[in-house]
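Residue numbering for the sequence shown follows this note's numbering, beginning at 1441 and increasing consecutively. Backbone N, C-alpha and C fix where the C-beta goes; we use that ideal spot for every residue, glycine too. From a predicted model like this one, the values you see are computed outputs, not experimental measurements.
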Amino acid sequence: MTDSQIAAPPTAPAATVPASTALASAIVDTLVHRIGKDAQAARPHDWLAATIFTLRNEIIERWMESTKAAHAAGAKRVYYLSLEFLIGRLLRDALSNLRHDDEVAEALATLGVDLAQIEEIEPDAALGNGGLGRLAACFMESLASLDLPAYGYGIRYVNGMFRQRLDDGWQMELPENWLAHGNPWEFERRESAYFVGFGGEVTSAAEGRVHWSPAEAVEAVAFDTPMVGWRGKRVNTLRLWNARAFDPIKLDQFNAGDFKGALDGQLRAETLTRVLYPNDSTPAGQELRLRQEYFFSSASIQDIVRRHVQYFGDIRTLADKAAIQLNDTHPAVAVAELMRILTDFHELPFDVAWDITRATFGYTNHTLLPEALESWPLPLFERLLPRHMQIVYAINAKLLREASKVEGIDGRAIAAISLIDEGGERRVRMANLAFAGSHSVNGVAALHTELMKKTVFADLHRLYPDRINNKTNGITPRRWLQQCNPGLTALLGEAIGPDFQDDAAKLTALVPFADDASFRERFAAVKRSNKVTLSTYIKESMGLTLDPDAIFDIQIKRIHEYKRQLLGIIETVALYDQIRSHPERRWTPRVKLFAGKAASSYHNAKLIIKLANDVAKRINADPAIGDLLKVAFVPNYNVSMAERIIPAADLSEQISTAGMEASGTGNMKFALNGALTIGTLDGANIEIKDHVGDDNIFIFGLTADEVAEKRAGGYRGRDVIAGSAELAQAVNAIASGVFSPDDPSRYKGLMDGLYDHDWFMLAADFDAYAAAQRDVDAKWNDADSWGRSAILNVANMGWFSSDRTIGEYAKQIWGVM
Ligand code: GPK
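Structure below.
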């Protein structure tokens, strides 16, 4: 055999049509027949829709296969109930997971269309506020990637998270209409519709049976979105409910000339799924919110029960075939809803129903903030859900009977365990209901889980000592490394091969490269190139020029006092003052970026946004500072913005008051992309430190225990501020209007708060934080040391893949692996 014989391919390639050409004609065909436009008339949105519809065909086939396979295997299914899914864009995710990105880019290029450009116009599906909602989205992706049959259940909000505009530095909230151009990803399932009732009364019938006749009802209609796993291995369903009136128009009223009244029911129903409450870590407390919670919980439980009975026949085996996870307490009423269906419809005895319910549910807690614990005024709960109120009482009676038998549980503990808060206005405690109704209750990072046992759930934990467990959060490395940082992904592939894409734990193969000078150079070049890309965006969108060789120091997350954006701003002001006072010193150039939304009713959070903007305005315009310090507050932070910013970060700010951030997940995204963390011993920062190593992270400040001690010991910010010249100078400058000459007293109250209570221990941590920042400068100026640490961060962050997290849930809570 000759060489030329070996080399010759068996078929002549010239005759076959390249895949991209076939794909291009498929896209044009979709454009013409589905969108109704030809290539000449098509606008970018039309190309986007045509591309998605074309890709969808393959997704649908895999989707059906996945569903059939689970059915044929009689598999147990996972149901993730969440009032929030912060999905972001789907096109790049689906293309990348199906490994079609290059092919589609090529096909579109032959049509004169730039894939990157049409990816940019896809709206973010922002059906969530922050970390909790994004976690749900990462979990959906990992469930599919691990080939686990799973459904996400939530609400199809017409208006998701608001769009943030800054007017002279003040946050303005504008509605975000993500459905304006239609949503090519969703499938309306008119056949999957359920009756959801509210109000009315409960009557007793024969043989102790009860009958609830609701005063009003809406129909819940399913909209399904495919969730594509890595390599398209599996496609799961995200099922979002839309509310619809049964009787969309009252014709008699309409004919009588009452047009508005005729459409009342429709409007009332639609209002239910119209908007996401833009609160993060604080309950909304309004009746509409409780209606939303019950609406989606009821529809989801009905759907789950229907599927189980259809596939398996016997309702008593529900817990063997269904694991329902409650994402925080927002769906906790599902516990009472399942009890209602098991007892009122399937006529199971109460105790049997209770055993099934507890075996089916798991509950995840996401915060210890006492103000965030959801509870509903009892009269409201009873008026809206009279049958559920009875069930809650019955569960409570059983719970308190059990509790009273346990040694060491006294009257105080009983009151704390009770599902009803009897102190003052009586309220239904949703966290206690979720805890009692679940076989597993988990926290989201090791410290958080320990604090759950010691604080909010101390008494329930004494009653059920085996129930609380930890599942440290994770992030999907597909979106948060491969898709958002193609440069780094390619470099990693060259160094360690492609295996890390299938198993993020394999990133540890990168460890030896930290000591390879030429690799460090290439790694630094990728980071620099990402910084240039971000700088271009900031220049175009905000008109601000950034120096890509400065440290990119970034704090992006919801604005919350406990997250301490204010600490970052005050330290910026202190640094500004130092540079001005000592221009002769060799300062390390920095870019400080902030971004995040504030709940519309959160006064201090909005004031902190304004302060960041005021500080930026003054510093950026100061000729004495030049390029040494630039500050920007980037408007309208969302998932897509995070994907743009995180790959360009050098320094990740994770500076919450210790004990207050349950986990954090942004912290994981930054470290995975090679940023070093400056942070407190809080949430998952602790575990990040354990993984990346003490030399590769900047830890500062009080521990959670020390914070608790200080709070108990009459700590006063005033005393600390008096003892720190730098801090006093910065606080006084802000308080006296240096940054707000148009309204000198604007920040007086905010700064007074630091003197008077300083609940978040900003003053207490300031000096340690400022010192850590100077350590950052020193390390930055030793490029080898910085580069080594950055690489070791990437190498050791694989454990924080949401595949690992979901694997733990699957084995230890759901029993599906
Ligand atoms: C916690 F309680 C809540 C909430 O209402 N919203 C929310 O995003 C976050 N969270 C925590 O604050 C983060 O520490 C955590 O990483 C995230 O949930 C996911 O668990």
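Check: Inter-residue spacing [alpha-carbon to alpha-carbon] between L1560 and I1595; Outcome: Note on identity: in this sequence residue 1560 is Glu, with Leu being the wrong assignment. Going from the Cα of E1560 to the Cα of I1595 covers about 25 Å.
Check: Endpoints, the beta strand (DSSP E) within which P1826 is located; Outcome: Not the beta strand (DSSP E): P1826 falls in the alpha helix (DSSP H), residues P1826 to S1844.
Check: Buried or exposed by the 16-neighbour rule on C-beta atoms within 10 Å, applied to F1686; Outcome: exposed
Check: Through-space distance from E2011 to Y2195, alpha-carbon basis; Outcome: 16 Å
Check: Distance CB(A2098)-CB(K1971) smaller than 8 Å; Outcome: no
Check: contact_flag[the segment 2134-2147, the segment 1944-1952] where n(CB pairs < 8 Å) is 3 or more; Outcome: no
Check: One or two residues paired with T1665 in a DSSP bridge; Outcome: L1678
Check: Backbone secondary structure at T1948 - three-state DSSP; Outcome: helix
Check: Within 8 Å, strictly: CB atoms of L1614 and L1567; Outcome: no
Check: beta-carbon G2104 near the ligand GPK non-hydrogen atom, thresh 7 Å; Outcome: yes
Check: Buried or exposed (CB count within 10 angstroms, at least 16 for buried), M1441; Outcome: Bear in mind that the predicted position of M1441 carries a pLDDT of just 36, short of 50, making it unreliable; the figure below should be weighed with that in mind. M1441 comes out exposed.
Check: From E1543, G1476 and D1533, residue whose alpha carbon lies closest to that of S1460; Outcome: E1543
Check: Heavy atom of the ligand GPK within 7 Å of A1812 beta-carbon; Outcome: yes
Check: Same chain, Cβ closer than 8 Å to Q1445, neighbours up to 5 away in sequence not counted; Outcome: Note that Q1445 has pLDDT 39, beneath the 50 cutoff, so the model's placement of it is unreliable and no number is given.
Check: H2043 Cβ short of 7 Å to the ligand GPK heavy atom set; Outcome: no
Check: A2127 Cβ short of 7 Å to the ligand GPK heavy atom set; Outcome: According to the sequence as given, residue 2127 is Glu; it is not Ala. Not so, every heavy atom of the ligand GPK lies at least 7 Å from the Cβ.
Check: Contact check, V2055 vs V2071, beta carbons under 8 Å; Outcome: yes
Check: Distance cut-off 7 Å: T2120 Cβ against heavy atoms of the ligand GPK; Outcome: no
Check: Helix, strand or coil at P2023 [DSSP, three-state]; Outcome: coil
Check: Neighbour-count burial assignment, W1816, 16 or more Cβ in a 10 Å radius; Outcome: buried
Check: H2264 Cβ short of 7 Å to the ligand GPK heavy atom set; Outcome: For residue 2264 there is no data in the structure shown, the boundaries of the chain being 1441 and 2257.
Check: Coarse secondary structure for W2199, derived from DSSP in three states; Outcome: coil
Check: Rounded straight-line distance, which links the Cα of K1979 to that of D1993; Outcome: 17 Å
Check: Chain-order list of residues whose beta-carbon lies under 6 Å from that of Q1765 (same chain, five-residue window excluded); Outcome: Y1520 and G1802
Check: Closest Cα partner of V1749 within the set G2154, W2239 and F1785; Outcome: F1785
Check: First through last residue of the beta strand (DSSP E) which encompasses N1882; Outcome: S1880 to G1883
Check: Assigned secondary structure, Y1803 (DSSP; H/G/I helix, E/B strand, else coil); Outcome: strand
Check: When R1731, A1876 and L1488 are compared against H1770, the one with the closest alpha-carbon; Outcome: R1731
Check: Residue-level contact to chain C via CB, Y1597, 8 Å cutoff; Outcome: No chain C appears in the structure shown, which is made up of a single protein chain.
Check: Environment of V1661 [buried if 16+ CB atoms lie within 10 Å]; Outcome: buried
Check: Neighbourhood of L1974 by C-beta, 7 Å cutoff - its chain only, sequence neighbours within 5 removed; Outcome: R2084, I2085 and A2088
Check: Classification of L2232 by the beta-carbon crowding that lies within 10 angstroms, buried from 16 upward; Outcome: buried
Check: Q1611 - containing beta strand (DSSP E), residue span; Outcome: W1610 to L1614
Check: Option nearest L1548 by Cα separation, candidates L1903, K1516 and S1465; Outcome: S1465
Check: Check: N1909 C-beta below 7 Å from any heavy atom of the ligand GPK; Outcome: no
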